Amino acid sequence: MVEHASFVGTLSGCNQRELFLAEVVVFLALVLRNVSLPWVFLGRKFNTGTFKYWLKFSLDYIFLVLPGLLVMTVFSQSLLLLTSVLTACLATLLVFIVCEYLISPDRPPSRIVLNRIIDEHHQPTMFLTYFRSALLISVAAAILAVDFPVFPRRFAKTEKYGHSLMDAGVAGFVFAAAVANRVRTLSTYGIQTVSRSRYYWLRSSYVVLPLIGSARTVLLTVMNYPQHVTEYGVHWNFFYTLAVIKVVSNLLPRKFPLLWAFTFGILQQTMLTSGYEEWILNGENMRETLFAANAEGICSLMGYITIFYISDAIAKFVSKTGIRVKSWIECCWRLYVFALIFYIMQLGAEWTLGQPSRRVANISYVFSQMSFFTFTLACFLCVQVLSIIAWAANVPHFCIDENPWYGVQPCLSTSINKSGLLFFLLANIFTGVLNLIIDTHNTDDITAMCILIGYLFCLCLIAHYRTKNNRI
Numbered sequence: 001m002v003e004h005a006s007f008v009g010t011l012s013g014c015n016q017r018e019l020f021l022a023e024v025v026v027f028l029a030l031v032l033r034n035v036s037l038p039w040v041f042l043g044r045k046f047n048t049g050t051f052k053y054w055l056k057f058s059l060d061y062i063f064l065v066l067p068g069l070l071v072m073t074v075f076s077q078s079l080l081l082l083t084s085v086l087t088a089c090l091a092t093l094l095v096f097i098v099c100e101y102l103i104s105p106d107r108p109p110s111r112i113v114l115n116r117i118i119d120e121h122h123q124p125t126m127f128l129t130y131f132r133s134a135l136l137i138s139v140a141a142a143i144l145a146v147d148f149p150v151f152p153r154r155f156a157k158t159e160k161y162g163h164s165l166m167d168a169g170v171a172g173f174v175f176a177a178a179v180a181n182r183v184r185t186l187s188t189y190g191i192q193t194v195s196r197s198r199y200y201w202l203r204s205s206y207v208v209l210p211l212i213g214s215a216r217t218v219l220l221t222v223m224n225y226p227q228h229v230t231e232y233g234v235h236w237n238f239f240y241t242l243a244v245i246k247v248v249s250n251l252l253p254r255k256f257p258l259l260w261a262f263t264f265g266i267l268q269q270t271m272l273t274s275g276y277e278e279w280i281l282n283g284e285n286m287r288e289t290l291f292a293a294n295a296e297g298i299c300s301l302m303g304y305i306t307i308f309y310i311s312d313a314i315a316k317f318v319s320k321t322g323i324r325v326k327s328w329i330e331c332c333w334r335l336y337v338f339a340l341i342f343y344i345m346q347l348g349a350e351w352t353l354g355q356p357s358r359r360v361a362n363i364s365y366v367f368s369q370m371s372f373f374t375f376t377l378a379c380f381l382c383v384q385v386l387s388i389i390a391w392a393a394n395v396p397h398f399c400i401d402e403n404p405w406y407g408v409q410p411c412l413s414t415s416i417n418k419s420g421l422l423f424f425l426l427a428n429i430f431t432g433v434l435n436l437i438i439d440t441h442n443t444d445d446i447t448a449m450c451i452l453i454g455y456l457f458c459l460c461l462i463a464h465y466r467t468k469n470n471r472i
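Using this note's numbering, you'd call the opening residue of the sequence shown number 1 and step up by one each time.
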């Protein structure tokens with residue numbers, strides 16, 4: 001148990017710049033996919049036959065899944081090089097696209113392009129589908145990859161202070177939940193909805209999340225499965241945190257999210273500075289009571305609630321975006337500005353209150369996660385904006401009356417997004433089974449990569465097959 005905890009943790013973490021570079025690689029790969037597929041295949045549809053359908057699945061796996069896995073494993077030392085190569089490839093394609101637009105006799109003026117109205121048929125929330133699916137893929141890859149030596153220890157969860165890739169998991173789901181809940185009013189595309197029936201409450205988050213959390217706690221205890229106790233505590237887990245946030249967000253009015261964020265942020269930091277941070281992080285907690293046994297999970301709650309309400313404020317801003325192309329362009333660059341502001345606030349918090357800590361979710365951690373995920377959201381919105389501009393400008397393979405993403409459908413991102421809970425649960429189950437049958441800590445890198453690629457392929461295949469058959 002102790003050996004496992006020391007293997008999957010890190011004392012110092014990584015440079016924060018590496019996290020942003022890793023995200024840029026995923027973003028560039030997605031843009032490259034959206035730009036290249038309509039051109040390479042001359043605008044042919046992929047949903048007209050079984051062979052084309054699964055060919056598209058394979059291409060999506062290469063563009064949407066493998067980059068996220070590679071940046072946290074074999075290419076973790078070459079993030080800048082990988083970013084440069086992808087940027088060069090993308091720039092080359094964009095030059096051809098711009099040139100074809102400029103020489104086209106039917107090209108609309110830029111003023112008309114910028115003022116073109118985007119109706120709901122053109123999926124104004126596709127960026128959220130990209131965001132949530134990329135988050136699920138990254139988390140699924142990381143929870144198994146961390147058990148192999150090929151995964152850099154600096155990306156594992158920090159034991160006290162610092163930045164790391166795996167420290168962003170829970171905050172990412174909290175951010176996504178807040179944004180999805182608010183932006184859902186814009187469009188229902190890509191967001192799973194459940195018909196209201198007599199037994200609807202059985203499928204609600206209030207019931208499902210605590211049940212899954214309880215089942216996980218009991219199952220791991222019975223199986224004596226190695227657990228990283230400093231992650232949440234002895235009994236607490238990710239699902240309990242999400243369940244509490246769900247309850248709080250529905251009890252409190254959502255009209256003034258920044259007010260609630262400020263309130264919970266002050267309460268969280270006041271609690272930590274009164275001695276709880278020292279008690280949790282410096283080994284003084286003997287875990288003698290139920291509260292002490294789950295100190296990390298319980299004492300970090302207000303920090304995650306703060307993240308939820310700040311994210312809700314960001315989502316409120318996005319949901320008010322206008323219906324013209326230029327409105328979404330403006331929204332995109334404003335999100336990058338917000339990310340910069342959060343980063344500056346993070347630096348200020350680090351200077352006055354100390355380094356970010358995942359275990360206690362202090363204010364420095366809150367701002368670091370808000371900076372990272374606002375930047376990530378801006379990147380995926382940028383993908384959407386580029387596609388919308390291409391459609392509005394009548395670029396070849398983006399027909400005037402055609403959905404700007406229809407030429408690259410079906411999309412693996414949509415399938416994963418629609419089967420998000422199943423995808424995440426299967427990732428946890430597969431990870432547990434593989435750890436029981438394989439000595440992951442002593443597996444060579446080539447074998448580890450083959451296992452990871454196959455594991456992610458199976459998860460994506462199940463999600464895509466479910467979407468194909470059920471037409472969710």
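Cβ coordinates follow ideal geometry from the N, Cα and C atoms, glycine included. Here the structure is a predicted model, which means the values were calculated and not measured.
Are residue i and residue j close, meaning C-beta to C-beta below 9 Å?
{"i": "F317", "j": "C331", "result": "yes"}
{"i": "A448", "j": "A140", "result": "no"}
{"i": "I453", "j": "L66", "result": "yes"}
{"i": "A29", "j": "L86", "result": "yes"}
{"i": "I280", "j": "A295", "result": "yes"}
{"i": "A171", "j": "Y304", "result": "yes"}
{"i": "R33", "j": "F57", "result": "no"}
{"i": "V71", "j": "A22", "result": "yes"}
{"i": "C382", "j": "F27", "result": "yes"}
{"i": "A494", "j": "S300", "result": "This structure gives no information on residue 494, because the portion of the chain shown stretches from 1 to 472."}
{"i": "T443", "j": "F148", "result": "yes"}
{"i": "F424", "j": "F175", "result": "no"}
{"i": "Q227", "j": "I363", "result": "no"}
{"i": "P257", "j": "A313", "result": "yes"}
Mapping the DSSP letters down to three states, classify residue i as helix, strand or coil.
{"i": "T158", "result": "strand"}
{"i": "H441", "result": "helix"}
{"i": "H163", "result": "strand"}
{"i": "S214", "result": "helix"}
{"i": "G283", "result": "coil"}
{"i": "K255", "result": "coil"}
{"i": "T376", "result": "helix"}
{"i": "H235", "result": "coil"}
{"i": "V194", "result": "Bear in mind that the predicted position of V194 carries a pLDDT of just 43, short of 50, making it too unreliable to give a figure here."}
{"i": "V146", "result": "coil"}
{"i": "P67", "result": "helix"}
{"i": "G348", "result": "helix"}
{"i": "R289", "result": "In the sequence under discussion, the amino acid at residue 289 is Thr, which differs from the Arg named in the question. T289: coil per DSSP, three-state reduction."}
{"i": "D106", "result": "coil"}
{"i": "S138", "result": "helix"}
{"i": "A361", "result": "coil"}
{"i": "Y225", "result": "coil"}
{"i": "A393", "result": "coil"}
{"i": "S133", "result": "helix"}
{"i": "G354", "result": "coil"}
{"i": "V170", "result": "helix"}
{"i": "T125", "result": "coil"}
{"i": "M72", "result": "coil"}
{"i": "Q268", "result": "helix"}
{"i": "Q77", "result": "coil"}
{"i": "S205", "result": "helix"}
To which residues does DSSP link residue i through a beta bridge?
{"i": "I117", "result": "R324"}
{"i": "C473", "result": "As shown, the chain starts at 1 and ends at 472. That puts residue 473 outside it, with no answer to give."}
On the CB-based measure, 16 or more other CB atoms within 10 Å of its CB, does residue i come out buried or exposed?
{"i": "T467", "result": "buried"}
{"i": "V146", "result": "buried"}
{"i": "D167", "result": "buried"}
{"i": "W475", "result": "The displayed coordinates of the chain run from 1 to 472. Any statement about residue 475 would go beyond what the structure contains."}
{"i": "E100", "result": "exposed"}
{"i": "A88", "result": "exposed"}
{"i": "F96", "result": "exposed"}
{"i": "L436", "result": "exposed"}
{"i": "L207", "result": "Note that residue 207 corresponds to Val in the displayed sequence, not to Leu. Exposed, by the Cβ-count rule."}
{"i": "L81", "result": "exposed"}
{"i": "R17", "result": "exposed"}
{"i": "D60", "result": "buried"}
{"i": "H441", "result": "exposed"}
{"i": "S76", "result": "buried"}
Quick check: the stretch 273-286 against the stretch 208-216, are there 3 or more CB pairs under 8 Å?
no
Taking 8 Å as the cut-off, does the stretch 156-168 touch the stretch 50-58 (at least 3 CB pairs, one atom from each stretch)?
Here the stretch 50-58 does not lie against the stretch 156-168, with fewer than 3 beta-carbon pairs under 8 Å apart.
Say whether the stretch 284-292 touches the stretch 337-346, bearing in mind that this needs 3 or more beta-carbon pairs closer than 8 Å, one atom from each stretch.
As far as the Cβ criterion goes, the stretch 284-292 does not touch the stretch 337-346, which means the pair count is below three.
Could you check whether the stretch 243-251 touches the stretch 216-226, counting it as contact only if at least three pairs of C-beta atoms, one from each stretch, sit closer than 8 Å?
no
Is it a yes or a no for the stretch 456-467 touching the stretch 411-418, going by three-plus beta-carbon pairs under 8 Å?
yes
I'd like to know if the stretch 162-177 and the stretch 354-368 are in contact, where contact means that at least 3 CB-CB pairs between them fall below 8 Å.
yes
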